[in-house]
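Trainee: Chains as they are written, first to last, in the working numbering: chain A, 1 to 102; chain B, 1 to 176.
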C-alpha cells in the first residue's frame, strides 16, 4: 500500500522543480506557474501528513482544502497585478520590473 | 509492492518528468499546457492514494479554473508569448543548484522518518467532511471572506490601471 514517504518524496521533488522555475524563469506568468507547483507540493505534504499514524487523520485533508481556496485567491490577485504591470510597463520580464528594487 | 503503489509510482514519475519539462520549455503556451497535465496527473495520484475529495478538488480547481486564468492573462498580454528571446535567466545553473539542494535536503529529512511512523490509513470522505464542518467551520467561512475580498481587490487593481491607461491615451491624443 501507498506509504506516507512516497507522497512526501513526490512533494519534495515537485517543490524543488518549483524552486528552479521561480529562480530561472523571466516571465512573471511562468514564475507564477512555478509558485503554483510549489503550492501543490505543500498541499501534497499536508495530505501525506494525514497518512502518518497517530496524527489527526482528517485534519490534513481539511487544511489542504482551505489551502486550495487561499491559493485560488492568491493567483487571482497575482495575475491582476501582473496584468496591471503589463499595461503600465508593456513587459512581463521580471528583470525589467525593478520598481521596488531600488 | 502492491498494484496501487506501482500505479502511484508511475504517476509520480510522470508528474515529476512533465513538471521538469514545464519549467524548461521555451514556449509559454506549452508550459501552461504541461501545467494542466501535471496537475491533473497529481489529482489522479490523490485518487489512487485514497484522498478522493482532494483529488476531485485538485482537478476541478487547479487543472480547470486556475490554468484558465493563466491562459486568459497570457492572451491579454500578447507580446509575452513570442519565442524570440529566451524565457530563462542566464544564471539558470545557480537556480539548478538551489533546486537540487532543496530536493536533497528535503528528501533526506523525509527518509529520516522512522518506518514505524510512515503507515497508511487515509481518512475517508465522511471523516473529512465532519472534520471540515465542525472543527474547521470558522476557517471555512473565513475562506469565503478571503475569496470575496480577493475579488474586490482584483476589480480595484485592474480598474485603477485601466483608468490610468485611459488618462495616458488622452494625454497622447492631446500631444498629437
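Backbone N, C-alpha and C fix where the C-beta goes; we use that ideal spot for every residue, glycine too. Bear in mind the structure is a predicted one, so any value in this text is a computation, not a measurement.
1. Quick one: measure Cβ to Cβ for residue 92 of chain A and residue 28 of chain A, integer angstroms, because I've assumed they're closer than 8 Å.
2. Which residue marks the beginning of the alpha helix (DSSP H) containing residue 30 of chain B, and which one marks its end?
3. Can you pull the chain B residues whose beta carbon is under 7 Å from the beta carbon of residue 35 of chain A, in chain order?
4. Using C-beta distances below 7 Å, list every residue in its chain close to residue 25 of chain A, excluding the 5 sequence neighbours before and after it, in chain order.
5. Quick one: list the residues of chain B neighbouring residue 98 of chain A, beta-carbon separation under 9 Å, in chain order.
6. Would you say residue 8 of chain B and residue 12 of chain A are within 8 Å of each other, going by their C-beta atoms?
7. What is the rounded straight-line gap between the Cα of residue 90 of chain A and the Cα of residue 125 of chain B?
8. Identify the continuous alpha helix (DSSP H) that holds residue 92 of chain B and give its terminal residues.
9. If we count the other Cβ atoms within 10 Å of its Cβ and call it buried at 16 or more, is residue 171 of chain B buried or exposed?
10. Under DSSP, the alpha helix (DSSP H) around residue 169 of chain A begins and ends at which residues?
11. Could one say the Cβ of residue 41 of chain B lies closer than 8 Å to chain A's Cβ atoms, at least one of them?
12. How far does the alpha helix (DSSP H) with residue 60 of chain B in it reach, from first residue to last?
13. Is the CB-CB distance between residue 45 of chain A and residue 39 of chain B below 8 Å?
14. Terminal residues of the continuous alpha helix (DSSP H) containing residue 130 of chain B?
15. Nearest-angstrom Cα distance between residue 64 of chain B and residue 17 of chain A?
16. In whole angstroms, give me the CA-to-CA distance for residue 65 of chain A and residue 58 of chain B.
17. Listing by chain order, which chain A residues have their CB less than 8 Å from the CB of residue 69 of chain B?
18. Quick test of your reading: residue 60 of chain B and residue 76 of chain A, contact by CB under 8 Å. State the CB separation rounded to the nearest angstrom.
19. For residue 54 of chain B, which option in A/100, A/10, A/61 has the closest C-alpha, if you only look at C-alpha atoms?
20. Residues of chain B with a CB under 8 Å from the CB of residue 49 of chain A: which are they?
21. Any beta carbon of chain B sitting closer than 8 Å to that of residue 89 of chain A?
22. Just to confirm, is the Cβ distance from residue 43 of chain A to residue 19 of chain A under 8 Å?
23. To which residues of the same chain is residue 88 of chain A closer than 6 Å at the C-beta, ignoring the five residues directly before and after it?
Mentor: Reading off the structure:
1. As a working note, residue 92 of chain A is residue 92 in the first chain. As a working note, residue 28 of chain A is residue 28 in the first chain. Taking the Cβ atoms as the reference, residue 92 of chain A lies roughly 5 Å from residue 28 of chain A, within the contact range of under 8 Å.
2. Residue numbering aside, residue 30 of chain B sits at position 30 when the second chain is read from its first letter. Where residue 30 of chain B is concerned, the enclosing alpha helix (DSSP H) starts and stops at 28-49.
3. In the first chain, residue 35 of chain A corresponds to position 35, counting from 1. Within chain B, no residue comes near residue 35 of chain A; the closest Cβ sits about 11 Å away, beyond 7 Å.
4. Numbered from 1 along the first chain, position 25 holds the residue referred to as residue 25 of chain A. Once the five neighbours on either side are set aside, the close Cβ partners of residue 25 of chain A are 31, 34.
5. Start at 1 with the first residue of the first chain, and residue 98 of chain A comes out as number 98. Residues of chain B passing the Cβ test: none, with the nearest at roughly 14 Å.
6. Here residue 8 of chain B is taken as the residue at index 8 of the second chain, counted from 1. Here residue 12 of chain A is taken as the residue at index 12 of the first chain, counted from 1. Cβ atoms of residue 8 of chain B and residue 12 of chain A: not closer than 8 Å.
7. In the first chain, the residue the question calls residue 90 of chain A occupies position 90. In the second chain, the residue the question calls residue 125 of chain B occupies position 125. Near 47 Å, if we compare the C-alpha coordinates of residue 125 of chain B and residue 90 of chain A.
8. For the purposes of this step, residue 92 of chain B is taken as residue 92 along the second chain, with counting starting at 1. Taken as a continuous stretch (DSSP letters only), the alpha helix (DSSP H) holding residue 92 of chain B covers 92-111.
9. Locating residue 171 of chain B in the second chain gives position 171, where the first residue counts as 1. Exposed, by the Cβ-count rule.
10. For residue 169 of chain A there is no data in the structure shown, the boundaries of chain A being 1 and 102.
11. Numbered from its first residue, the second chain carries residue 41 of chain B at position 41. Not an interface residue.
12. Taking the first residue of the second chain as position 1, residue 60 of chain B is located at position 60. Membership of residue 60 of chain B in any alpha helix (DSSP H) is not indicated, and neither H nor E is assigned to it by DSSP.
13. The count along the first chain starts at 1 and reaches residue 45 of chain A at position 45. The count along the second chain starts at 1 and reaches residue 39 of chain B at position 39. Not a contact, by the Cβ cut-off of 8 Å.
14. For the purposes of this step, residue 130 of chain B is identified with residue 130 of the second chain, where counting begins at 1. Its alpha helix (DSSP H) spans residues 125-134.
15. On the second chain, residue 64 of chain B is found 64 positions in, with the first residue counted as 1. On the first chain, residue 17 of chain A is found 17 positions in, with the first residue counted as 1. Approximately 21 Å between the Cα atoms of the pair.
16. Within the first chain, residue 65 of chain A is the residue found at index 65, counting from 1. Within the second chain, residue 58 of chain B is the residue found at index 58, counting from 1. One C-alpha to the other measures close to 9 Å.
17. Position 69 of the second chain holds residue 69 of chain B. Think of a sphere of 8 Å around the beta carbon of residue 69 of chain B: the chain A residues whose beta carbon falls inside it are 75, 76, 79, in chain order.
18. Taking the second chain and counting its residues from 1, one reaches residue 60 of chain B at position 60. Taking the first chain and counting its residues from 1, one reaches residue 76 of chain A at position 76. A Cβ-Cβ distance of about 16 Å is found for the pair residue 60 of chain B and residue 76 of chain A, leaving them out of contact under the 8 Å criterion.
19. Position 54 of the second chain, counted from the first residue, corresponds to residue 54 of chain B. Measuring from the Cα of residue 54 of chain B, the nearest candidate turns out to be A/61.
20. Residue 49 of chain A sits at position 49 when you count from the first residue of the first chain. Those within 8 Å of residue 49 of chain A in chain B number zero; the least Cβ separation is about 11 Å.
21. Locating residue 89 of chain A in the first chain gives position 89, counting from the first residue. Chain B contact via Cβ: absent.
22. If you number the first chain from 1, residue 43 of chain A lands on position 43. If you number the first chain from 1, residue 19 of chain A lands on position 19. Not in contact: residue 43 of chain A and residue 19 of chain A (Cβ atoms no closer than 8 Å).
23. Looking up residue 88 of chain A in the first chain gives position 88. Once the five neighbours on either side are set aside, residue 88 of chain A has no close Cβ partner at all.
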